[in-house]
Amino acid sequence: MPTAILDFETTGLSPAMGDRATEVAIVLMDDSGRVVDRFQSLMNAGVRIPAFIESFTGITNEMIEDAPPAADVMAQASRFVGDAPMVAHNASFDRRFWAAELERLGCDAAPANRHARFACTMLLSRRLYPEARSFRLGSLAAFHDLPSAGRAHRAMADAEVAAALLARIQRDLERRFDVFDCRHELLVKLQKAPKGKMPDAIRAFFASLPTPTPPPHTAHTGNP
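What follows is the structure, given as structure tokens:
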């Protein structure tokens with residue numbers, strides 16, 4: 001199953017304070033680190049974008065006027081993600097908007113993946129690359145010499161860079177710690193691990209996995 005890497009642009013920092021999403025982008029990345037599909041759309045949530053946010057993202061109120069309704073975009077985005085595990089950079093921010101915007105669809109329409117657990121490339125980077133000067137997405141892209149995908153603080157460009165960063169993290173987990181099965185549950189665990197305790201957290205994770213049960217032995221009775 002591919003992994004969904006998500007990025008929002010918004011009118012502010014918190015949906016609890018009335019801020020809304022203005023753009024969403026999602027890229028699907030396969031196990032080899034290759035982007036295999038993309039979803040992107042501006043959305044009109046009926047909330048005015050402050051001038052400093054317009055300057056920061058380049059998304060203007062005029063652009064939003066002609067965008068599809070937020071509810072329609074979020075329903076499409078949720079269907080696009082499906083059951084894929086979800087990742088974002090500074091995931092606590094994107095997770096709040098993902099859940100809040102999907103909750104607005106109503107009890108009968110809000111999809112189950114609004115409660116998805118996110119892996120966070122920022123938290124993982126803090127543990128893997130403590131020597132980095134900054135853990136902002138652009139700074140980590142420069143630190144790793146990742147290719148630019150367009151203007152920063154536009155959703156698709158940031159989602160593409162976050163996907164490249166995730167692929168780098170997965171390669172470094174394999175190279176440093178022999179992690180050849182970099183499943184989503186492991187990333188979620190490692191992002192909470194105490195700094196300097198990555199090897200212990202990796203060992204504990206794989207030790208906790210159930211041992212596969214061998215198939216039952218069927219005695220050969222021969223022909224009747």
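For the sequence shown, the UniProt record's numbering begins at 1 and goes up steadily by one.
All C-beta atoms in this analysis are idealised placements derived from N, C-alpha and C, irrespective of residue type, glycine included.
A quick note: this is a predicted structure, and the numbers were derived from the prediction, not measured.
Between the CA atoms of residue j and residue i - distance to the nearest angstrom
i: T60; j: V24; result: 15 Å
i: F8; j: S14; result: 12 Å
i: A45; j: V161; result: 26 Å
i: T11; j: M17; result: 10 Å
i: D200; j: D31; result: 24 Å
i: M156; j: D83; result: 21 Å
i: T57; j: I5; result: 19 Å
i: D145; j: G106; result: 43 Å
i: R96; j: T22; result: 14 Å
i: L170; j: C182; result: The question names Leu, yet the displayed sequence has Gln at residue 170. If you take the alpha carbons of Q170 and C182, they lie about 7 Å apart.
i: H184; j: P85; result: 7 Å
i: A167; j: V47; result: 35 Å
Residue i, DSSP secondary structure in three states
i: R38; result: strand
i: F93; result: helix
i: I179; result: The sequence shown places Val at residue 179, not Ile. Here V179 sits in coil by DSSP.
i: P210; result: coil
i: T11; result: coil
i: V24; result: strand
i: residue 247; result: Shown here, the chain extends from 1 to 224; a query on residue 247 therefore has no answer.
i: P69; result: strand
i: V47; result: coil
i: A100; result: helix
i: A75; result: helix
Distance between beta carbons of residue j and residue i, contact taken as under 8 Å
i: A152; j: D158; result: 7 Å
i: L42; j: M63; result: 6 Å
i: I26; j: V81; result: 6 Å
Below 8 Å, can you find three or more Cβ-Cβ pairs linking the segment 100-118 to the segment 56-75?
yes
Residue ranges of each beta strand (DSSP E) within the segment 133-164, 3 or longer
none
For the segment 31-46 and the segment 120-137, state whether three or more C-beta atom pairs, one from each stretch, are separated by less than 8 Å.
no
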